[in-house]
Amino acid sequence: MPSRSGSRGRRPRPAPEVAAPTAVQVSSSGSSEEGSDEEEEGSEGSGDGARSPGGSASKYKAAESEAEAEDPCLPSCPICMVVWTADGAHRVSCIPCGHVYGRHCLEMWLLQYGKKKAPCPQCGKRYTQNNIINLYVPEIVVPNNDLENQVLSLRERNEYLEKQQAKLLEEIKEHKVSMFHGHGMEKIHLPPGTKAIRDICVLPGGHVVFASLGRKLSIFSVATNNVVLQYDLPAPGWSCSGDYTTSSHIYAGLQNGMLLVFDIRQTSAPLHSSMGLSTHPVHTIHCAVDGSGSRKVFSASSIGPCVWDASENRPSLVSGMENQGVCISLACSSPSSDVLVASYRPRVELPDAIATSQASTPQSPAPTGSGKLGCHTLRDNQHLFAYGDESLYGVRTWRLPSFQRYTDLKPHRQPVLDLRYAESSTGESSFAV
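Heads up, this note's numbering is the position in the sequence shown plus 37, with the first residue counted as 1.
Here you go:
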């Protein structure tokens, strides 16, 4: 029928919103031309944007679930916060301003505005349907800056720890050096002819005095590890000591009973020379100060302890020490002379020699023991007397003046032949055996 055919010929064309979807790829070179974009909008460019709501939504939901199932950590669209896909309705796309979205969100954004142009959700720059550019990427990943930052942080921490380790190693080396000089052992090379060393005395200022059987009195410098001064003695040296009141004076006891006084500022000859009460060797010398402040020099030989006065040429035996036996050692709480302790053995050698020790100031019973050898020492602040005991193979201490046993130190494998007391600058006390 003509009328019907005419009416069918005049039927309006369907709206672009319901047109069949057509896959169109738009090049980036044509996106900048506004005129061409508007012309192509009605034909080619309207394909993806004019998809039916039902089909687009179903494909979008399918792509969304598939992308989330693949990897929940992939980058997402800033509009819907759904993961992009490499293809499909929500494939990754960009607009001329450079911002990247899912294509479905960009198309829905255009439909929401109902215009040919819509503003970018982030910067507001307008775009059209033809300006949407598909990005072809084999895999969508985001650089893991957290791992890179973690590597940089660990690298900085590693450098810091290496510096700390180097600093601690330097401190350990310094402590090792100080411990070596304080408690280690180092061989000292003495000049030829020195022979055996009979006595050693440590002086302030890093000097050490040696009395030797080679008739030499040597002053050794710890800093330079060399002998800085040496005196010739008329007889073999048996003992030596420094002066607490005058740092330049040194005393030497000889094998023939003589006592020599040296001044290190005068290197040619001794300052004083005095004969003893006998020709027996002087095995111990102590310089001390009495209660009135006068300097006293105490020495000991086999006849007993003697006190030397500067105004007199010959010494005198300490009162109360006569006829006690053979004196083998003398201890003094230097620099004070308040307490003296002398050790004796009987004049007749017996298989089990009995030695007694007596104090000069108190009157108390004398304890006995077997084989007390070597030099003794005192702790002036507590008045302790220490000695080497043969039966103990160690060091035993007594209280003075009661001679009550105080403590026994750790025994040694060999008998103790000599004993010295020392106090550090920090106040710590120690015994050298």
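All C-beta atoms, glycine included, are put in the ideal place defined by N, C-alpha and C. These figures come from a predicted structure and were not determined experimentally.
Where Glu70 falls, given that 16 or more other Cβ within 10 Å makes a residue buried: For the purposes of this step, residue 70 is taken as residue 33 along the sequence shown, with counting starting at 1. Its pLDDT being 38, under 50, Glu70 is placed unreliably in this model, and the coordinates cannot settle the point.
Can you find the residues in the same chain that come closer than 7 angstroms, C-beta to C-beta, to Ser353, ignoring five residues on each side of it along the sequence? For this step, residue 353 is matched to residue 316 along the sequence shown. Closer than 7 angstroms at the Cβ level, and outside the excluded window around Ser353, lie Cys343 and Val344.
Integer-rounded CB distance, given that Glu359 should sit under 8 angstroms from Gly341: For the purposes of this step, residue 341 is taken as residue 304 along the sequence shown, with counting starting at 1. For the purposes of this step, residue 359 is taken as residue 322 along the sequence shown, with counting starting at 1. Their Cβ separation, rounded to whole angstroms, is 7 angstroms, which keeps Gly341 and Glu359 in contact under 8 angstroms.
I'd like the list of long-range same chain contacts for Ile234, defined as Cβ closer than 6 angstroms, with 5 residues on each side in sequence excluded. Locating residue 234 in the sequence shown gives position 197, counting from the first residue. Same-chain partners within the cutoff: Phe247 and Ser249.
Does the separation of the CB atoms of Thr321 and Ser356 fall below 7 angstroms? Here residue 321 is taken as the residue at index 284 of the sequence shown, counted from 1. Here residue 356 is taken as the residue at index 319 of the sequence shown, counted from 1. Not a contact, by the Cβ cut-off of 7 angstroms.
Taking Leu367 as the reference, give the member of Arg351, Ala325, Arg332 and Thr122 with the closest Cα. Counted from its first residue, the sequence shown places residue 367 at position 330. Checked all of Arg351, Ala325, Arg332 and Thr122; the closest Cα to Leu367 is Ala325.
By DSSP, does Trp275 sit in helix, in strand, or in coil? By one-based count along the sequence shown, residue 275 stands at place 238. Strand at Trp275.
Just confirm the distance between the C-beta atoms of Cys117 and Gly151, as a whole number of angstroms; I'd bet it's less than 8 angstroms. Here the question's residue 117 lines up with position 80 in the sequence shown. Here the question's residue 151 lines up with position 114 in the sequence shown. Rounded, the Cβ-Cβ distance is 20 angstroms, inconsistent with contact.
Pull up the distance between the alpha-carbon of Ser338 and that of Gln202, whole angstroms please. Working through the sequence shown from its first residue, we reach residue 338 at position 301. Working through the sequence shown from its first residue, we reach residue 202 at position 165. Inter-residue distance for Ser338 and Gln202 is about 57 angstroms (C-alpha atoms, whole angstroms).
In the DSSP assignment, what residue or residues form a beta bridge with Thr122? Along the sequence shown, one-based indexing puts residue 122 at 85. By DSSP's assignment, Thr122 forms a beta bridge with Arg128.
Candidates Tyr288, Arg433 and Gly243, of which the one nearest Lys253 by Cα: Numbered from its first residue, the sequence shown carries residue 253 at position 216. Looking at the Cα atoms, Tyr288 is the closest of the given residues.
Should Trp121 be counted as a contact of the ligand FAD given a C-beta to heavy atom distance under 6 angstroms? Among the ligands in the structure shown, none appear at all, so the ligand FAD cannot be discussed.
Starting from Arg332, follow the beta strand (DSSP E) in both directions and report where the run begins and ends. Taking the sequence shown and counting its residues from 1, the one referred to as residue 332 is at position 295. Its beta strand (DSSP E) spans residues Arg332 to Ser338.
Where do the ends of the alpha helix (DSSP H) carrying Tyr150 lie? Residue mapping note: residue 150 aligns to position 113 of the sequence shown, counting from 1. For Tyr150, the enclosing alpha helix (DSSP H) begins and ends at Arg140 to Tyr150.
Would you mind sorting Ala260 into buried or exposed? The rule is 16 or more other CB atoms within 10 Å of its CB. In the sequence shown, the residue the question calls residue 260 occupies position 223. Exposed.
Nearest residue (CA-CA) to His317, options Met295, Ala306, Asp300 and Asp327: On the sequence shown, position 280 is the one that residue 317 refers to. Put simply, of Met295, Ala306, Asp300 and Asp327 the residue whose alpha carbon is nearest the alpha carbon of His317 is Met295.
Who are the near neighbours of Asp74 in its chain, counting only those whose CB is closer than 6 angstroms to its CB and skipping five residues on each side? Residue 74 sits at position 37 when you count from the first residue of the sequence shown. Any reading at Asp74 needs caution, since the residue's pLDDT is 43, under 50, leaving its predicted position unreliable; the model's value is listed next. Here the set comprises Thr165 and Asn167.
Looking only at its own chain, which residues have a Cβ that is under 6 angstroms from the Cβ of Trp146, when we skip the five neighbours before and after it? Here residue 146 refers to the residue found at position 109 of the sequence shown. Excluding five sequence positions before and after Trp146, the CB atoms of its chain that fall closer than 6 angstroms to its own CB belong to Ala155, given in chain order.
Drop a sphere of 10 angstroms on the beta-carbon of His244, count the other beta-carbons inside from all chains shown, and report buried for 16 or more, exposed for fewer. Sequence index remark: in the sequence shown, residue 244 carries index 207 (1-based). Buried, because 16 or more other Cβ atoms sit within 10 Å of the Cβ of His244.
CA nearest to the CA of Leu227, picked from Leu184, Gly242 and Gln267: Along the sequence shown, one-based indexing puts residue 227 at 190. That would be Gln267, whose Cα lies nearest to the Cα of Leu227.
At what residues does the beta strand (DSSP E) containing Leu266 begin and finish? Looking up residue 266 in the sequence shown gives position 229. Residues Asn263 to Asp269.
Rounded to whole angstroms, what's the CA-CA distance from Ala123 to Ser130? Just pull it up for me. Counted from its first residue, the sequence shown places residue 123 at position 86. Counted from its first residue, the sequence shown places residue 130 at position 93. Rounded to the nearest angstrom, the two C-alpha atoms are 9 angstroms apart.
Of the residues Leu143, His212, Glu211 and Arg128, the one placed nearest Val174, counting alpha carbons only: Position 137 of the sequence shown, counted from the first residue, corresponds to residue 174. It is Arg128.
Can you tell me whether Ile169 is helix, strand or coil according to DSSP? As a position in the sequence shown, residue 169 is number 132, starting the count at 1. Of the three classes helix, strand and coil, the one that applies to Ile169 here is coil, per DSSP.
Is the Cβ-Cβ distance between Pro448 and Gly431 less than 7 angstroms? Here residue 448 corresponds to residue number 411 of the sequence shown, with the count starting at 1. Here residue 431 corresponds to residue number 394 of the sequence shown, with the count starting at 1. Yes; because the gap between Cβ atoms is below 7 angstroms, this pair is in contact.
Measure the C-alpha to C-alpha separation of Leu189 and Leu198 and round it to an integer number of angstroms. Stepping through the sequence shown from its first residue, residue 189 is reached at position 152. Stepping through the sequence shown from its first residue, residue 198 is reached at position 161. Looking at the backbone, the Cα of Leu189 and that of Leu198 are separated by about 14 angstroms.
Tell me the DSSP secondary structure of Ala248 in three-state form. Residue numbering aside, residue 248 sits at position 211 when the sequence shown is read from its first letter. DSSP places Ala248 in the strand class (E or B) of the three-state scheme.
Residue closest to Leu297, alpha-carbon to alpha-carbon, out of Tyr281, Ser336, Gly230 and Arg450: Counting from one through the sequence shown, the residue named residue 297 turns up at place 260. Cα-wise, what sits closest to Leu297 is Ser336.
Using 10 angstroms around the beta-carbon of Val1, count the other beta-carbons present and answer buried if the total reaches 16, otherwise exposed. Outside the displayed range of the chain (38 to 470) lies residue 1, so it cannot be described from this structure.
DSSP state of Ile209, grouped into three classes? Residue numbering aside, residue 209 sits at position 172 when the sequence shown is read from its first letter. In the three-state reduction of the DSSP assignment, Ile209 falls in the helix class.
Buried or exposed: Arg194, going by 16 or more other Cβ atoms within 10 Å of its Cβ? Stepping through the sequence shown from its first residue, residue 194 is reached at position 157. Arg194 is exposed by the Cβ-count criterion.
Spatial distance of Pro273 from Lys232 (CA atoms): Counting from one through the sequence shown, the residue named residue 273 turns up at place 236. Counting from one through the sequence shown, the residue named residue 232 turns up at place 195. Linking Pro273 to Lys232 through their CA atoms gives a straight-line distance of about 10 angstroms.
Sequence-distant residues of the same chain with beta carbon closer than 8 angstroms to Arg50, five excluded per side: Translated into positions along the sequence shown, residue 50 becomes position 13. In this predicted model, Arg50 has a pLDDT of only 43, less than 50, meaning its place in the structure is not dependable enough to derive any value.
Compare the C-alpha of Leu172 against each of Lys162, Val264 and Pro133 and name the closest. Counted from its first residue, the sequence shown places residue 172 at position 135. Scanning Lys162, Val264 and Pro133 for the CA closest to the CA of Leu172 turns up Pro133.
Going by DSSP, what residues sit across from Ala260 in a beta bridge? Here the question's residue 260 lines up with position 223 in the sequence shown. Answer is none; Ala260 lacks a bridge partner.
Cβ pair Val319, Gly290 closer than 7 angstroms: Along the sequence shown, read from residue 1 onward, the residue named residue 319 stands at position 282. Along the sequence shown, read from residue 1 onward, the residue named residue 290 stands at position 253. Yes, these two residues count as a Cβ contact at 7 angstroms.
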